[in-house]
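Each residue of the sequence shown is one higher than the one before, counting from 4 in this note's numbering.
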Amino acid sequence: MQDAPAIDTSALSEHVGQQVTLRGWLYNRRSSGKVHFLELRDGAGSVQCVMGKNDVSEELFASADRVAQESSIEIRGEVKAHPKRPGVFEVAVKDFQVIAPTVGEYPISPKEHGTDFLMDHRHLWLRSRRQHAIVRVRHTIIQAIRDFFDGRGFTLVDAPIFTPNACEGTSTLFETDYHGDKAYLTQSGQLYMEAAAAAFGKAYCFGPTFRAEKSKTRRHLSEFWMVEPEVAFLDLQGDMDLAEDFICFIVERVLEHRRPELAILERDVSKLEAIKKPFPRIRYDEAVAILNEARAAKRTSGEPDAESTPDFPWGEDLGAEDETVISSRYDRPVMIHRYPAQVKAFYMKRDPEDARLALCVDVLAPEGYGEVIGGGQREDDLTTVERGIEAHKLPREAFEWYLDLRRYGTFPHAGFGLGVERTVAWLCGLPHVRETIPFPRMLNRLAP
Ligand code: 4AD
Ligand code: MG
């Protein structure tokens with residue numbers, strides 16, 4: 004195919020009226036007796052290629068009749084701007100070639116398929132329009148995450164994946180054999196970021212994280228990506244300010260760059276446009292009061308069994324349903340701070356004004372998406388951390404290095420972790436995290 008430069012579909016606007024070559028896959032084909040409409044997909048996007056019976060040889064026209072969905076193809080033709088729809092282009096086909104036909108029928112036909120079937124074919128499902136849109140939004144979120152911290156003087160400090168100890172509690176550790184010793188896949192890079200904060204002031208890590216909890220919910224993955232900033236001389240208040248700015252930055256970036264993808268996903272963007280500072284900040288105690296108010300209202304509602312709905316027991320962690328009750332009262336993320344220390348990790352700093360409470364914060368996304376950020380101020384007193392390790396029955400030896408951070412120039416510091424997949428689910432408006440990561444790892448899924 005001579006004299007027709009190879010371009011991808013994102014460059015069509017620069018070649019109107021010119022001959023180009025496009026390579027990709029046949030996404031869809033419609034035919035009338037006289038015209039084939041071939042939709043070519045090339046990763047960057049897709050374009051309708053129109054092949055008229057009179058414009059090509061009989062043989063070529065017939066070959067386009069037989070080509071199956073997802074065959075790899077090459078098309079040469081002239082780029083035309085759509086007469087009525089600005090930004091939409093077509094290609095008038097002059098030449099057409101099948102690079103490789105499919106071997107058998109492509110498994111994902113345009114008809115409806117069940118989620119299990121699609122998940123089993125995830126390697127192919129990624130080619131579909133919706134999945135493509137989700138991965139692109141994810142990409143933009145990840146880029147925004149990096150830009151936010153890089154633009155504020157943070158240093159990227161990678162945390163290890165093999166670790167000798169727990170961070171978030173021993174019940175969710177994946178154990179592996181490490182040259183004859185036990186090691187665990189990381190649950191969080193936080194403890195290492197605390198070391199990094201003492202070295203760099205402002206640091207973050209960003210990588211895959213592993214949780215072995217046997218949760219089969221729409222929010223849990225066994226492997227997920229988390230970004231964890233950690234800042235020296237920051238308190239809980241400053242930590243919440245940082246989280247608020249961070250979320251606003253990500254949402255703005257996605258709205259700026261991914262409107263076409265959000266449209267494919269039929270996301271109501273007005274809900275995202277409402278995400279502006281300040282976010283409501285409520286104490287755990289206030290959250291419990293909201294829950295009890297809702298429960299009291301339910302008791303008098305006359306719904307079956309509602310009368311026996313008990314009050315929320317102070318001291319317990321909030322469940323997914325509780326989070327939904329609270330977050331549905333706001334049109335933007337809500338920050339719940341000062342949970343009872345007993346439901347939080349060993350490293351949380353106690354509230355000097357009430358020792359039962361931890362100086363921590365969870366950020367709940369609106370529309371029922373639940374917790375997207377967990378974090379807070381860290382305990383910086385040596386003896387108190389030692390006691391925490393003991394109380395949580397953690398192996399002291401494995402934490403000696405962490406205690407060094409309290410021995411050598413201990414300092415107030417705070418940070419948080421944001422889960423990428425829950426953020427993608429929220430911004431894309433997806434009911435389940437399984438579609439937010441290219442190859443999800445869940446309780447019952449390790450393949451493909
Ligand atoms: O609340 P988590 O467990 O906090 C930590 O790991 C802290 N050490 C972070 C820090 O302060 N540096 O997890 C943080 C976030 C959650 O808010 C959620 O978005 C996500 O990580 N997350 C999960 N996402 C998907 N699947 C799971 N199983 C997740 N567990 C946590
Ligand atoms: Mg949490």
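Using N, Cα and C, we set each Cβ at its ideal position, and we do this for glycine too.
**Prompt:** Is the distance from the Cβ of Leu-41 to the Cβ of Arg-32 below 8 Å?
**Reply:** Yes.
**Asked** In chain order, what residues of the same chain lie with their CB nearer than 8 Å to the CB of Leu-397, ignoring the 5 residues before and after it?
**Response** Answer for Leu-397: Asn-168, Ala-169, Thr-173 and Phe-349, listed in chain order.
**Which residues DSSP lists as bridging Ile-376, in chain order** = Val-366 and Leu-421
**Asked** Since Tyr-207 contacts Glu-231 with CB under 8 Å, what's their CB separation in whole angstroms?
**Response** 6 Å
**Message:** My assumption, with CB atoms under 8 Å, is that Thr-143 sits in contact with Arg-44. Please give the rounded CB distance.
**Reply:** Going by Cβ atoms, the distance from Thr-143 to Arg-44 rounds to 20 Å, so no, they are not a contact pair.
**Message:** If I measure Cβ to Cβ from Val-128 and keep anything under 8 Å in the same chain, skipping five residues before and after, which residues do I get?
**Reply:** One detail in the question is off: residue 128 reads as Trp in this sequence, not Val. Closer than 8 Å at the Cβ level, and outside the excluded window around Trp-128, lie Ile-111, Leu-121, Met-122 and Gln-134.
**Message:** Can you tell me whether Phe-92 is helix, strand or coil according to DSSP?
**Reply:** strand
**Request:** Can you have a look at Pro-443 and say buried or exposed, based on whether 16 or more other CB atoms are within 10 angstroms of its CB?
**Result:** buried
**Asked** Are the region 252-269 and the region 284-300 touching by the rule of at least three beta carbon pairs closer than 8 Å?
**Response** no
**For Asp-98 and Gly-117, the rounded distance between their alpha carbons** = Each residue's alpha carbon lies about 38 Å from the other.
**Request:** Name all residues in chain order for which at least one heavy atom of ligand 2 lies closer than 6 Å to the residue's CB.
**Result:** Asp-365, Glu-374 and Gly-377
**Item:** Through-space distance from Ser-304 to Ala-14, alpha-carbon basis
**Value:** One C-alpha to the other measures close to 59 Å.
**Message:** Rounded to the nearest angstrom, what separates Pro-316 and Pro-343 at their Cα positions?
**Reply:** Their backbone Cα atoms lie some 12 Å apart in a straight line.
**Message:** Would you say the beta carbon of Glu-326 is closer than 7 Å to some non-hydrogen atom of ligand 1?
**Reply:** no
**Request:** Report the rounded CA-to-CA distance for Ile-440 versus Ala-450, giving the unit in angstroms.
**Result:** 13 Å
**Prompt:** Does the beta-carbon distance from Val-23 to Val-38 come in below 8 Å?
**Reply:** no
**Item:** Sufficient close CB pairs (3 or more, under 8 Å) joining the region 386-394 to the region 358-368
**Value:** Contact check between the region 386-394 and the region 358-368: fewer than three CB pairs, one atom from each, fall below 8 Å, which does not count as touching.
**Prompt:** Which word fits His-416, buried or exposed, when buried means at least 16 other C-beta atoms lie within 10 angstroms of its C-beta?
**Reply:** buried
**Item:** For Cys-363 and His-395, believed in contact at Cβ under 8 Å, the rounded distance
**Value:** Going by Cβ atoms, the distance from His-395 to Cys-363 rounds to 15 Å, so no, they are not a contact pair.
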